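**Q** These protein sequences, in sequence, are chains U and B. Heads up: the first sequence begins at 1285 in this note's numbering, then just goes up one per residue. Heads up: the second sequence begins at 10 in this note's numbering, then just goes up one per residue. In this text, a Cβ means the ideal position worked out from N, Cα and C, and glycines have one as well. Bear in mind that the values here come from a model prediction, so they are computed numbers and not experimental data.
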Amino acid sequence: MKRFWSWAALIVGSLYFLLPLIGTVEFSLRMRRGEYSLDAYRSVLADPNFRATFSYSVVMALLTIALGVLIVVPTAYWVRLRLPRLRPVIEFITLLPLVIPAIVIVFGYIRLFNTSSILPLTGTASGTNLLLLCGYATLALPYMYRAVDTGLSTLDVRSLTEAAQSLGAGWVRIIGRLILPNVMGAVMSGAFLSFAIVIGEFTMAALLNRPAFGPYMQLLGANRAYEPAALAVIAFAVTWGCMGLMQLLSRLFGTRIPAK
Amino acid sequence: MRNIGWNWLGVVPFFAFAALFLVLPTMNIVIGAFQNPQGEFTLANLAGLASPRIVSSFVISIKISLASAVLGCLIGFAMAAAVVMGGVPRWIRGPLMTFSGVASNFAGVPLAFAFIATLGRVGLVTLLLRQWFGINIYAMGFNLLSFWGLTLTYLFFQIPLMILIITPALDGLKREWREAAEVLGASTGQYWRMVALPILFPSLLGTFALLFANSFGAVATAYALTGSSLSIVPIMLFAQIRGDVLQDPHLGYAMAFGMIVVTGLANLAYVIMRTRAERWMR
């Protein structure tokens, strides 16, 4: 009896998750009347806007990861080594982006960095790109920090540092050549998650008027019938590839990242 | 050991970044909610939230968040319980957890497309139901661009999130407790009602709060799905930031402040409940 209900729950649940996936793939193939074809994919891939926005988001995602690593790794390391009492504070701050909706944060950006402010980032395209980059790094902060902090917890940070120092290494060298390689698995997990988040992000890019992949998808969805499904399949593939790699890495390196 | 001042320098970049791109922008909105356009202190913006349009947007947002959190908790719990103690083969657990990790992070525009392709007017399931069973769900009043449509779509990331969080809690139920209950003559129902559920209660309530906050702040899925036809809070705020639809920019700050209060309370509930739940998880 118990087993029956277990199977029932699993099968109903799995159906709920599989049907949209199957439905999307099927729909994306339906563009040509009466037969299945890859026309919708061809149409999407041939669209110059697709290439432009997708590569824009890929570049932004890579920069976000670089910025995230630059901010998070030295901070997490330093706090563990020298300022352990500050850990709860840092942890609290890194969790804030999960509490404050992204739309509120970007609303604040528009207010704080508008053309009449001290730091008029929204006045120029490159300034807005920089702002969006920092926004993405903020969104990725909770995942990045927790991944790196978990990675650090498996190391004896103090002994490693003392050993490196007694061999004459400076701080940049310690972080770049010793700490970073040792938490690489964790950093990669955080990086893949950040990548997936940035590629699909819509709210910030749309409100800051940047030509990213998320707003492009939304626009196409409002104007076309079959291409959005093809786009969804592509986005699925990218996200799931990233997340799959992340799960694989976290299993390989033995670090666990909670979902939220 | 170097002196304290030097130590602090190491975290300056982090605090500068957090202040500039997280704390100050949020503070700016919160303060703006209590200011009039001249920069004077006022409660008029918060009072302005009481307008019927805004109240109804908060009501429908909270309803959708509640519905998707309740259903997400129930279905996610059933699926997690099935793999942890339901007697299904062990190999199912790995793929389910992996899938949950992926799907809980899959929200946004593509998710909306997936549901349009599935349950939209010419979506796969809509067509199959009509062809195979003669059921026309749209004639029966179903609409993807509605309360239930949005709730159904949100469940796609809510259920996996529940599975991810509740599975460790279910693992934490010790076999000895069940054996002790059975030795004392408890039925399965009594065990659940008097032992397992009270222990799980903080975890359940905490996850429920997290799921609630999770769907309350979601913008992209709703926007891609409904455009602006369903006036939930994030979409109203989105439209307000894009162009001044409320005829009063400071009303926008008040709405954003309202969102922070709702998600903040929900997350606070999650933290408190998680602390309580951890008592049993040793």
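Taking the Cβ atom as the reference point for each residue, do Ala1516(U) and Phe122(B) lie within a distance shorter than 9 Å?
**A** Going by C-beta atoms, Ala1516(U) is nearer than 9 Å to Phe122(B).
**Q** Does the beta carbon of Tyr262(B) come closer than 9 Å to any beta carbon on chain U?
**A** Yes - at least one Cβ of chain U is within 9 Å of the one on Tyr262(B).
**Q** Against chain B, with Cβ distances strictly below 9 Å, would Gly1407(U) count as a contact?
**A** No - not a single Cβ of chain B is within 9 Å of the one on Gly1407(U).
**Q** Runs of 4 residues minimum, wholly inside the region 1391-1464 of chain U: which ones carry the alpha helix (DSSP H) assignment?
**A** DSSP runs (the alpha helix (DSSP H)) wholly in the region 1391-1464 of chain U: 1409-1437 and 1441-1450.
**Q** Note down the Cα distance separating Val131(B) from Gly215(B), rounded to an integer number of angstroms.
**A** Answer to the nearest angstrom: the Cα atoms are 38 Å apart.
**Q** Taking a cut of 9 Å between CB atoms, which residues from the region 1287-1319 of chain U lie near chain B?
**A** Those would be Arg1287, Trp1289, Ser1290, Trp1291, Ala1292, Ala1293, Leu1294, Val1296, Gly1297, Ser1298, Tyr1300, Phe1301, Leu1303, Pro1304, Leu1305, Ile1306, Gly1307, Thr1308, Val1309, Glu1310, Phe1311, Ser1312 and Arg1314, in chain order.
**Q** Within 9 Å (strictly less), CB to CB, does Ile1491(U) reach chain B?
**A** For the sequence presented, residue 1491(U) should be read as Leu rather than Ile. Answer yes: the Cβ-Cβ gap between Leu1491(U) and chain B drops below 9 Å somewhere.
**Q** Where are the alpha helix (DSSP H) runs, 4 residues long or more, that stay fully inside the region 1313-1338 of chain U, in chain order?
**A** If we require 4 residues or more, the alpha helix (DSSP H) runs fully inside the region 1313-1338 of chain U come out as 1323-1330.
**Q** Within the continuous alpha helix (DSSP H) that includes Asp180(B), where are the two ends?
**A** Run containing Asp180(B): Phe156 to Asp180, per the alpha helix (DSSP H) assignment.
**Q** Does the beta carbon of Leu1347(U) sit closer than 9 Å to a beta carbon anywhere in chain B?
**A** No, no contact with chain B.
**Q** Distance check for Met1468(U) and Ala78(B), CA to CA, integer angstroms please.
**A** Looking at the two C-alpha atoms, the distance is approximately 35 Å.
**Q** So what does DSSP say about Gln140(B), is it helix, strand or coil?
**A** It is helical.
**Q** Buried or exposed, going by whether 16 or more other CB atoms sit within 10 Å of the CB of Ser60(B)?
**A** Classification for Ser60(B): exposed.
**Q** Could you pull the DSSP bridge partners for Phe50(B) from this structure?
**A** DSSP output for Phe50(B) lists Gln44(B) as bridge partner(s).
**Q** Applying the criterion that 16 or more other CB atoms from any shown protein chain within 10 Å of the CB defines a buried residue, is Pro243(B) buried or exposed?
**A** Buried is the call here.
**Q** I'd like the list of long-range same chain contacts for Val1441(U), defined as Cβ closer than 7 Å, with 5 residues on each side in sequence excluded.
**A** Hits under 7 Å: Tyr1361, Arg1364 and Leu1365.
**Q** Start and end of the alpha helix (DSSP H) containing Val93(B)?
**A** Residues Pro61 to Met94.
**Q** Hey, how far is the Cα of Pro1542(U) from the Cα of Ala1470(U)?
**A** Here Pro1542(U) scores only 46 on pLDDT, less than 50, and its place in the model should not be relied on; the value that follows carries that caveat. Using only the alpha carbons, I get a separation of about 12 Å.
**Q** For Ile38(B), which three-state DSSP category applies?
**A** Reduced to three states, the DSSP call for Ile38(B) is helix.
**Q** Determine the burial state of Thr197(B): buried for a count of at least 16 other Cβ atoms within 10 Å of its Cβ, exposed for fewer.
**A** The residue is exposed, with fewer than 16 neighbouring Cβ atoms inside 10 Å.
**Q** Is any beta-carbon of chain U found at less than 9 Å from that of Tyr200(B)?
**A** No, Tyr200(B) does not count as interfacial toward chain U.
**Q** Using the rule of at least 16 other Cβ atoms within 10 Å of the residue's Cβ for burial, across every protein chain shown, is Thr1308(U) buried or exposed?
**A** With 16 or more Cβ atoms within 10 Å of its Cβ, Thr1308(U) is classed as buried.
**Q** Using the Cβ count rule (16 or more neighbours within 10 Å means buried), how would you classify Arg11(B)?
**A** Because the pLDDT of Arg11(B) is 48, which lies under 50, any placement of that residue in the model is unreliable, and the question is left without a value.
**Q** Apart from the five residues just before and just after Trp186(B), which ones in its own chain have a Cβ nearer than 7 Å to its Cβ?
**A** If we look at Trp186(B) and ignore the five residues flanking it on each side, its Cβ neighbours are Val204.
**Q** Just the C-alpha distance for Pro1404(U) and Tyr1393(U), rounded to the nearest angstrom, thanks.
**A** So the two alpha carbons sit approximately 10 Å from each other.
**Q** Contact criterion: CB-CB distance below 9 Å. Does Asn152(B) meet it with respect to chain U?
**A** Closer than 9 Å: no.
**Q** To the nearest angstrom, how far is it from the Cα of Cys1418(U) to the Cα of Met1488(U)?
**A** Approximately 11 Å, taken between the alpha carbons.
**Q** Going along chain B in order, which residues have a C-beta closer than 7 Å to the C-beta of Tyr1393(U)?
**A** Those within 7 Å of Tyr1393(U) in chain B are Pro34.
**Q** Can you check whether the C-beta of Phe67(B) is within less than 9 Å of a C-beta belonging to chain U?
**A** By this cut-off, Phe67(B) is not an interface position.
**Q** Are the region 97-109 of chain B and the region 222-239 of chain B touching by the rule of at least three beta carbon pairs closer than 8 Å?
**A** Output reads no: the region 222-239 of chain B does not touch the region 97-109 of chain B.
**Q** Helix, strand or coil: how does DSSP classify Ala1292(U) here?
**A** Helix, per DSSP.
**Q** In its own chain, which residues sit with a C-beta less than 6 Å from the C-beta of Ile168(B), not counting the 5 before and 5 after it?
**A** The answer, listed in chain order, is Gly81, Ile84 and Gly85.
**Q** For the pair the region 1477-1487 of chain U and the region 228-247 of chain B, tell me if three or more CB-CB distances fall below 8 Å.
**A** The region 1477-1487 of chain U, when compared against the region 228-247 of chain B, does touch it at the 8 Å Cβ threshold.
**Q** Counting only Cβ pairs nearer than 8 Å, list the residues of chain B close to Gln1449(U).
**A** Result: empty, since nearest Cβ-Cβ is about 12 Å, beyond 8 Å.
**Q** What residues in the region 1413-1440 of chain U have a beta carbon less than 7 Å from any beta carbon of chain B?
**A** Listed by position, the residues of the region 1413-1440 of chain U near chain B (Cβ gap below 7 Å) are Cys1418, Gly1419 and Thr1422.
**Q** Excluding five sequence neighbours on each side, which residues of the same chain lie with their C-beta closer than 7 Å to the C-beta of Ala1514(U)?
**A** Excluding sequence neighbours, Ala1514(U) sits near Ser1312, Ala1324, Tyr1325 and Val1328.
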